[in-house]
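Here is the structure we will look at.
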Amino acid sequence: MKKQTDLKKLEQRRKRVRGIGIRLLLLLLFFAMAYGANNRLEVSEYTYETDALSFSFDGFRIVQLSDLHNKVFLRENEQLLREVRRLQPDIIVMTGDMIDGGTHTDIPATELFMKQTAEIAPCYYVYGNHEHLLTQEQLTPFLEHIAEYGIHYLDNENAKVESKTGQTLTVIGIDDLSLQANILQTRADEAGDDFKILLAHEPQLLHASYAPAGVDL
86 MKKQTDLKKL
96 EQRRKRVRGI
106 GIRLLLLLLF
116 FAMAYGANNR
126 LEVSEYTYET
136 DALSFSFDGF
146 RIVQLSDLHN
156 KVFLRENEQL
166 LREVRRLQPD
176 IIVMTGDMID
186 GGTHTDIPAT
196 ELFMKQTAEI
206 APCYYVYGNH
216 EHLLTQEQLT
226 PFLEHIAEYG
236 IHYLDNENAK
246 VESKTGQTLT
256 VIGIDDLSLQ
266 ANILQTRADE
276 AGDDFKILLA
286 HEPQLLHASY
296 APAGVDL
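Add 85 to a position in the sequence shown, counting from 1, and you land on the number used in the numbering used here.
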């Protein structure tokens, strides 16, 4: 019943915005950690329609990865990587907790996965709370390595994404420990009239913090 209700809500939302214009396809890859379902990989697809983007972004595909906590799907994450490739993203966003900061920390495995992911599409990454459980001695080489792979780590920073015809949108990356500061508003203002995509680890702050700053997605 819940799935049917969710589908009805999504369809109602699509009807409200149908005909507006540009479509962004957001593909969320997640897995269920509870009730013995921690080996099941699921894909949720959302179509976002807006008139705030150039037509050069029509059909733009975003894959979001979050809260993997060093989880591996088949050997060296073959299953997850295969699914990401199948979705043919224009960009990949990683919104924290890619590493487990507890007893299952495996930084080399995360580095390998991120290296392979960066070979599929440009990647943008922000910390979650688990990255902050690691020491600076662990994080410094980790960040150096993923930078070599082409991962864009955004520490309260903006990054421009350009379409094939030169139009841009802005990806804003906010650190998980910076949410009480005025950093998001500052970065949103810096993005000007660009369409703004926010990467942050705490979705529950959507109405209290993110929407008032003027981000679009």
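Idealized CB from N, CA, C, for every residue including glycine.
- Query: Since leucine 269 and alanine 296 are thought to touch, with beta carbons under 8 Å apart, how far apart are those beta carbons, to the nearest angstrom?
  - Reply: Not a contact, Cβ separation roughly 11 Å.
- Message: Taking the straight line between their C-alpha atoms, what separation do you get for alanine 232 and tyrosine 238?
- Response: Between the C-alpha atoms of alanine 232 and tyrosine 238 there is a straight-line separation of about 7 Å.
- On the three-pair Cβ rule with 8 Å, is the segment 131-147 touching the segment 240-251? Enough Cβ pairs lie closer than 8 Å, so yes.
- Message: Buried or exposed, going by whether 16 or more other CB atoms sit within 10 Å of the CB of arginine 272?
- Response: A residue is called buried when at least 16 other Cβ atoms come within 10 angstroms of its Cβ; arginine 272 meets this threshold and is buried.
- Could you pull the start and end residues of the beta strand (DSSP E) that valine 300 belongs to? Here valine 300 belongs to no beta strand (DSSP E), and DSSP marks it neither H nor E.
- Message: Per DSSP, what are the beta-bridge partners of histidine 237 in this structure?
- Response: Bridge partners of histidine 237: Tyr209.
- Query: The beta strand (DSSP E) spanning isoleucine 282 covers which residue range?
  - Reply: Note, isoleucine 282: beta strand (DSSP E), 280-284.
- Any idea if proline 226 is buried or exposed, counting beta-carbon neighbours within 10 angstroms, 16 or more meaning buried? Burial call: exposed.
- Who are the Cβ neighbours of glycine 258 in its own chain at under 6 Å, not counting the five residues just before and after it? Cβ-Cβ distances below 6 Å link glycine 258 to Val211, Leu239, Glu242, Leu284 in the same chain, with the five nearest sequence neighbours on each side left out; the list follows chain order.
- Look up lysine 249 in the DSSP assignment and say whether it is helix, strand or coil. Coil, per DSSP.
- Item | Cross-strand partners of isoleucine 257 (DSSP beta bridge) | Beta-bridge analysis with DSSP links isoleucine 257 to Asn243, Leu283.
- Message: Here's the rule: buried if 16 or more other CB atoms are within 10 angstroms of the residue's CB, otherwise exposed. What is proline 174?
- Response: Label assigned to proline 174: buried.
- Rounded to whole angstroms, how far is the Cβ of histidine 215 from the Cβ of glycine 186, which I believe are closer than 8 Å? With 8 Å as the limit, histidine 215 and glycine 186 qualify as a contact, their Cβ atoms being about 4 Å apart.
- Any chain C beta carbon closer than 8 Å to leucine 172: Among the chains in the structure shown there is no chain C, since it carries only a single protein chain.
- Would you call aspartate 279 buried or exposed, if buried means 16 or more other Cβ atoms sit within 10 Å of its Cβ? Around the beta-carbon of aspartate 279, 16 or more other beta-carbon atoms lie within 10 Å, marking it buried.
- Query: Exposed or buried, what is glutamate 196 when buried is set at 16 or more other beta-carbons lying within 10 Å of its beta-carbon?
  - Reply: With 16 or more other Cβ atoms inside 10 Å of its own Cβ, glutamate 196 counts as buried.
- Item | Chain-order list of residues whose beta-carbon lies under 6 Å from that of glutamate 204 (same chain, five-residue window excluded) | Shown here for glutamate 204: not one same chain residue has a beta carbon closer than 6 Å to its own, the five before and five after excluded.
- Query: The alpha helix (DSSP H) with glutamine 173 in it runs from where to where?
  - Reply: Per DSSP, glutamine 173 belongs to no alpha helix (DSSP H) and is neither H nor E.
- Message: Quick check: what's the CA-CA separation for glutamine 223 versus leucine 172?
- Response: Approximately 32 Å between the Cα atoms of the pair.
- Query: What first and last residue would you give for the alpha helix (DSSP H) that runs through aspartate 274?
  - Reply: For aspartate 274, the uninterrupted alpha helix (DSSP H) segment begins and ends at 268-275.
- Query: What are the boundary residues of the alpha helix (DSSP H) that isoleucine 184 is part of?
  - Reply: Element bounds for isoleucine 184: n/a, residue is neither H nor E.
- Message: Can you give me the C-alpha to C-alpha distance between leucine 302 and threonine 132, rounded to a whole angstrom?
- Response: Approximately 12 Å between the Cα atoms of the pair.
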